[in-house]
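Undergrad: Got a structure for you, written out below as structure tokens; questions coming shortly.
Protein chains: 2
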Amino acid sequence: MKLKNQDKKSALTENQGIERPEIISAVSVEQIQQFRKIQPSSEELVNGILSGNITALSRAITLVESTNISHLEKANEVINACLPHANKSVRIGITGVPGVGKSTFIEAFGKYLTGLGKKVAVLAVDPSSTISHGSILGDKTRMEELVKDKNAYIRPSASGETLGGVARKTRETITLCEAAGFDTIIIETVGVGQSETAVHSMVDFFLLLKISGAGDELQGIKRGIMEMADAIVINKADGDNVRKANLAKTEFNRALHLFPAKKSGWTPTTSTCSAITHDGIPDVWKTICDFTELTKSNNYFFEKRKEQNQYWMLETINEQLKTNFFNHPEIYKLLEENKKAVANDEISPFAAAQILLEKYFKK
Amino acid sequence: MKLKNQDKKSALTENQGIERPEIISAVSVEQIQQFRKIQPSSEELVNGILSGNITALSRAITLVESTNISHLEKANEVINACLPHANKSVRIGITGVPGVGKSTFIEAFGKYLTGLGKKVAVLAVDPSSTISHGSILGDKTRMEELVKDKNAYIRPSASGETLGGVARKTRETITLCEAAGFDTIIIETVGVGQSETAVHSMVDFFLLLKISGAGDELQGIKRGIMEMADAIVINKADGDNVRKANLAKTEFNRALHLFPAKKSGWTPTTSTCSAITHDGIPDVWKTICDFTELTKSNNYFFEKRKEQNQYWMLETINEQLKTNFFNHPEIYKLLEENKKAVANDEISPFAAAQILLEKYFKK
């Protein structure tokens, strides 16, 4: 309300005020609308994903990968809304030490699958990249053909995180990709760290990629990985390598028979292939189809997925309980002292644990 | 004070009382003294153990095995006092599925060792016995000769406990046996459960006992156990079995070479033996001596023991944190609901974990 100064005779006057500006400027309104476009609602994201929109999918993955705690709730909303539409795929883990040709194999294998009408998503779990700064899949140019394929989606590994964090992000990215209609999920990992156990716990089929050689190449692979494998594929079986690759295949086949039978009822296979000549690539897919047919008929496929879900829930709880304990300021110093005392046989490991636990629970 | 009734003329009289009994009877005193003898002080126990007294050793083990919480402090006192005198032994884990002849092997091997002047303690980790009620080593008559040997000490497995509990007791029993002068500790386990990982984490040398056969006998052994083995010994290599045992030896030897090199620098060996003819028994001991010589010279032996101590401290903490969480009354119901929702893809495993953790830490 403007005061009408001219009507007053008093010395107490007020000059006419300037026009009050609009509280919300048109510029701001436009900016906010722009912002809303950049930050779509979780409903918009979900709708986009379900209609197969790749931009929505990428944005949702970025949201899931965000370390900003305020994004967590929205990410959970999107994931939970996508869950009923996910789960209809085959999830394939591929591991092998650097040098076995994982990228070229995935490129050839992925192209073969899109040729069959499949929609292929390629993800990676590589917590080591935080140290080496050399993320696998980081350089998309290593999959030149696949990256151009409209039925393929390649997402480099999330970096800067612990294994637990990377695993979580990958696990949720699978859900998003499946909801977006991808029916074949390939998860790449380097066979030298702990990440294989994590990947093994989120896939249906675990493929170990190898090359033939003097036996030394086997040394790089982490213990336990060979036992996880549903198939061992000897790559680079081309040119002069074919004979050696066949020998390696026989060797691995013999070794696999020494392992106990798998709960899945599946007997792990060995084969050779070449990412260059494409020999053996269709056989790998045939093996995976045989596997899913068998494990779906005996229900193992579905039971394992349920178990994997529960595993990730319990694993997350266990990790968080440990984090909470070991990051407790009073525990840290006491822990270092007790670790030393225990190593030097000054106190029993159990007595030391008791001291630490009493401190923690009395805090 | 006695009332002298005869001096009183009143009708109010009191009869003379009977002699008041001693508050503490001589019988009770004797019983208490006896009881004190039954419950020696921790100092008495430690002195007894250090002088090689088997009764003191057995009593201390019983104390360690007690589930009575009031015994815990005393048990910790005894263990901590024994620690500086322990640690001077070789600890051998022996595993194999039922039927490979573990008891007869340990009897023959143990007798061979006492013949060399060794003092041998035989323990067992067998949490499955709580279910099957068939404890390994429970029937000492299966080691008739060894049980009579004054340089051998056989302790059946503690039962009625979780793996964590059994492992702790075994771990502390090793300390007590070592302090009592036993220089060779053998820990038996059945190769079908989780107990192998526990045993592997408390021994220096891990021996996998097998028998020859059509390959089916391999199926019973748990995954990962073959990779843990420092030696695979094919038992029952006698009579008609010798040829088959040698074939099996060759087969396993080939398979072992497919595994990555061990951190210890040790290459796992394969051999055959017979607990009946005693062929190959000295070779097993020779292998273990070669192993300790190598790993002591490269310091792995001592480093591993330190790591094992720290492992048990951290493992105990992790177990206790989980126990505390999962036994929390409010968590239990919520957990069941979330497990179901997660299995049915109604909620993401991570969102479910978050709900549970928030409940727990806000309690």
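Order-wise, the sequence lines are chains Z and S.
Under UniProt numbering, residues 1 to 363 are what the first sequence spells out, in order.
Under UniProt numbering, residues 1 to 363 are what the second sequence spells out, in order.
For each residue, glycine too, the CB sits at the ideal point set by N, CA and C.
Note down, in chain order, every chain Z residue with its Cβ under 7 Å from the Cβ of residue 306 (chain S).
TA: Working through the second sequence from its first residue, we reach residue 306 (chain S) at position 306. Ordered by position in chain Z, the residues that pass the 7 Å Cβ test against residue 306 (chain S) are 343.
Undergrad: Rounded to whole angstroms, how far is the Cβ of residue 273 (chain Z) from the Cβ of residue 235 (chain Z), which I believe are closer than 8 Å?
TA: The residue labelled residue 273 (chain Z) in the question sits at position 273 within the first sequence. The residue labelled residue 235 (chain Z) in the question sits at position 235 within the first sequence. Confirmed, about 6 Å.
Undergrad: Checking the sheet assignment: what are the DSSP bridge partners for residue 210 (chain Z)?
TA: Here residue 210 (chain Z) refers to the residue found at position 210 when the first sequence is read from its first residue. DSSP output for residue 210 (chain Z) lists Z:234 as bridge partner(s).
Undergrad: Can you find the residues in the same chain that come closer than 8 Å, C-beta to C-beta, to residue 391 (chain S), ignoring five residues on each side of it along the sequence?
TA: Outside the displayed range of chain S (1 to 363) lies residue 391 (chain S), so it cannot be described from this structure.
Undergrad: Between which residues of its own chain and residue 142 (chain S) is the CB-CB distance below 6 Å, once the five residues before and five after are set aside?
TA: To locate residue 142 (chain S), count along the second sequence from 1; it is residue 142. Here the set comprises 103.
Undergrad: Quick check: is the beta carbon of residue 182 (chain Z) nearer than 9 Å to any beta carbon in chain S?
TA: By 1-based counting over the first sequence, the position of residue 182 (chain Z) is 182. With 9 Å as the cut-off, residue 182 (chain Z) does not count as an interface residue toward chain S.
Undergrad: Are residue 353 (chain S) and residue 314 (chain Z) closer than 9 Å when you measure CB to CB?
TA: Taking the first residue of the second sequence as 1, we reach residue 353 (chain S) at position 353. Taking the first residue of the first sequence as 1, we reach residue 314 (chain Z) at position 314. Going by C-beta atoms, residue 353 (chain S) is nearer than 9 Å to residue 314 (chain Z).
Undergrad: By the criterion of Cβ-Cβ separation under 9 Å, what are the contact partners of residue 364 (chain Z) in chain S?
TA: A query on residue 364 (chain Z) cannot be resolved here, the shown segment of chain Z reaching from 1 to 363 and no further.
Undergrad: Along the chain, where does the beta strand (DSSP E) that runs through residue 334 (chain S) open and close?
TA: On the second sequence, position 334 is the one that residue 334 (chain S) refers to. Per DSSP, residue 334 (chain S) belongs to no beta strand (DSSP E); it is in the alpha helix (DSSP H), 329-343.
Undergrad: Of the residues that make up the segment 343-361 of chain Z, which ones have a beta carbon closer than 9 Å to any beta carbon in chain S?
TA: Listed in sequence order: 343, 344, 345, 346, 347, 348, 349, 350, 351, 352, 353, 354, 356, 357, 360 and 361.
Undergrad: In this structure, does DSSP put residue 90 (chain Z) in helix, strand or coil?
TA: Mapped onto the first sequence, residue 90 (chain Z) falls at position 90. In the structure shown, residue 90 (chain Z) sits in a strand (DSSP, three-state: E or B).
Undergrad: Hey, is residue 266 (chain Z)'s beta-carbon within less than 9 Å of any beta-carbon in chain S?
TA: By 1-based counting over the first sequence, the position of residue 266 (chain Z) is 266. False, the Cβ-Cβ gap to chain S never drops below 9 Å.
Undergrad: Just mark residue 362 (chain S) as buried or exposed, buried being the case when its beta carbon has 16 or more other beta carbons within 10 Å.
TA: For the purposes of this step, residue 362 (chain S) is taken as residue 362 along the second sequence, with counting starting at 1. Classification for residue 362 (chain S): exposed.
Undergrad: By the criterion of Cβ-Cβ separation under 8 Å, what are the contact partners of residue 145 (chain Z) in chain S?
TA: As a first step, residue 145 (chain Z) must be located in the first sequence, where it is residue number 145. Per Cβ cutoff of 8 Å: no residues; residue 145 (chain Z) is ~33 Å from chain S at best.
Undergrad: Tell me the start and end of each unbroken alpha helix (DSSP H) in the segment 287-335 of chain S that is at least 4 residues and wholly inside, in chain order.
TA: Entirely contained in the segment 287-335 of chain S, the alpha helix (DSSP H) runs reaching 4 residues are, in chain order, 300-326.
Undergrad: What are the boundary residues of the beta strand (DSSP E) that includes residue 189 (chain Z)?
TA: Numbered from 1 along the first sequence, position 189 holds the residue referred to as residue 189 (chain Z). Run containing residue 189 (chain Z): 184-190, per the beta strand (DSSP E) assignment.
Undergrad: How close, in whole Å, do the beta carbons of residue 111 (chain Z) and residue 183 (chain Z) come, if the pair is a contact with beta carbons under 8 Å?
TA: As a working mapping, residue 111 (chain Z) is identified with position 111 in the first sequence. As a working mapping, residue 183 (chain Z) is identified with position 183 in the first sequence. Their Cβ separation, rounded to whole angstroms, is 16 Å, which puts residue 111 (chain Z) and residue 183 (chain Z) out of contact at 8 Å.
Undergrad: Suppose the cutoff is 7 Å on Cβ atoms and the five residues either side in sequence are ignored; what does the same chain contact list for residue 244 (chain S) look like?
TA: Residue mapping note: residue 244 (chain S) aligns to position 244 of the second sequence, counting from 1. Counting only Cβ-Cβ distances below 7 Å, and skipping sequence neighbours, we find 212.
Undergrad: Buried or exposed: where does residue 332 (chain Z) fall if 16 or more other Cβ atoms within 10 Å of its Cβ makes it buried?
TA: Numbered from 1 along the first sequence, position 332 holds the residue referred to as residue 332 (chain Z). Looking at its Cβ environment, which holds fewer than 16 other Cβ atoms inside 10 Å, residue 332 (chain Z) is exposed.
Undergrad: In its own chain, which residues sit with a C-beta less than 8 Å from the C-beta of residue 131 (chain S), not counting the 5 before and 5 after it?
TA: What you label residue 131 (chain S) is simply residue 131 of the second sequence in a count that begins at 1. Residue placement at residue 131 (chain S) is flagged as unreliable, the pLDDT there being 41, under the threshold of 50; a coordinate-derived value is accordingly withheld.
Undergrad: Is the shortest distance between the beta-carbon of residue 243 (chain Z) and the beta-carbons of chain S less than 9 Å?
TA: What you label residue 243 (chain Z) is simply residue 243 of the first sequence in a count that begins at 1. It does not; no Cβ of chain S falls within 9 Å.
Undergrad: Name the chain S residues whose beta carbon is nearer than 7 Å to that of residue 316 (chain Z)?
TA: What you label residue 316 (chain Z) is simply residue 316 of the first sequence in a count that begins at 1. Correct list: 349, 350 and 353.
Undergrad: State yes or no: is the C-beta of residue 60 (chain S) within less than 9 Å of the C-beta of residue 52 (chain S)?
TA: Counting from one through the second sequence, the residue named residue 60 (chain S) turns up at place 60. Counting from one through the second sequence, the residue named residue 52 (chain S) turns up at place 52. Not a contact, by the Cβ cut-off of 9 Å.
Undergrad: Under 9 Å Cβ-Cβ, which residues of chain S neighbour residue 321 (chain Z)?
TA: Here residue 321 (chain Z) refers to the residue found at position 321 of the first sequence. Residues of chain S passing the Cβ test: 318, 321, 322, 324, 325, 357 and 360.
Undergrad: Is it buried or exposed, residue 170 (chain Z), if we count other Cβ atoms within 10 angstroms and call 16 or more buried?
TA: Translated into the one-based positions of the first sequence, residue 170 (chain Z) becomes position 170. By the neighbour-count rule (16 or more Cβ atoms within 10 Å), residue 170 (chain Z) is buried.
Undergrad: Here's a check: name, in chain order, each residue in its chain whose Cβ is nearer than 6 Å to the Cβ of residue 139 (chain Z), leaving out the five neighbours to either side.
TA: Numbered from its first residue, the first sequence carries residue 139 (chain Z) at position 139. For residue 139 (chain Z), the predicted model reports a pLDDT of 49, less than 50, meaning its position is unreliable; a value from the coordinates is still stated below. Taken in chain order, the list of residues that qualify is empty.
Undergrad: Quick one: grab the DSSP three-state call for residue 105 (chain S).
TA: By one-based count along the second sequence, residue 105 (chain S) stands at place 105. The answer is helix: DSSP assigns residue 105 (chain S) an H, G or I state.
Undergrad: Which of helix, strand or coil does DSSP assign to residue 361 (chain Z)?
TA: Sequence index remark: in the first sequence, residue 361 (chain Z) carries index 361 (1-based). If DSSP states are grouped into helix, strand and coil, residue 361 (chain Z) belongs with the helices.
Undergrad: Comparing the C-beta of residue 293 (chain S) with each C-beta of chain Z, is any distance below 9 Å?
TA: As a position in the second sequence, residue 293 (chain S) is number 293, starting the count at 1. No, because no Cβ of chain Z sits closer than 9 Å to the Cβ of residue 293 (chain S).
Undergrad: Does the Cβ-Cβ distance between residue 295 (chain Z) and residue 204 (chain Z) come in under 9 Å?
TA: Reading the first sequence from its first residue, position 295 is the one you call residue 295 (chain Z). Reading the first sequence from its first residue, position 204 is the one you call residue 204 (chain Z). Going by C-beta atoms, residue 295 (chain Z) is nearer than 9 Å to residue 204 (chain Z).
Undergrad: Measure the C-alpha to C-alpha separation of residue 378 (chain S) and residue 275 (chain S) and round it to an integer number of angstroms.
TA: Because chain S is modelled from 1 through 363, residue 378 (chain S) falls outside the range shown and cannot be assessed.
Undergrad: What are the residues of the segment 78-112 of chain S that lie near chain Z, defined by any Cβ-Cβ distance shorter than 8 Å?
TA: Listed by position, the residues of the segment 78-112 of chain S near chain Z (Cβ gap below 8 Å) are 79, 80, 83, 84, 86 and 87.
Undergrad: Residue 271 (chain Z) by DSSP, collapsed to three states: which one?
TA: As a first step, residue 271 (chain Z) must be located in the first sequence, where it is residue number 271. Of the three classes helix, strand and coil, the one that applies to residue 271 (chain Z) here is strand, per DSSP.
Undergrad: Return the chain-ordered list of same chain residues with a C-beta closer than 7 Å to the C-beta of residue 89 (chain Z), the five sequence neighbours on each side being excluded.
TA: In the first sequence, counting from the first residue as 1, residue 89 (chain Z) sits at position 89. These residues qualify, in order along the chain: 178, 182, 183, 184 and 185.
Undergrad: Roughly how many whole angstroms lie between the Cα atoms of residue 176 (chain S) and residue 57 (chain S)?
TA: Working through the second sequence from its first residue, we reach residue 176 (chain S) at position 176. Working through the second sequence from its first residue, we reach residue 57 (chain S) at position 57. Near 7 Å, if we compare the C-alpha coordinates of residue 57 (chain S) and residue 176 (chain S).
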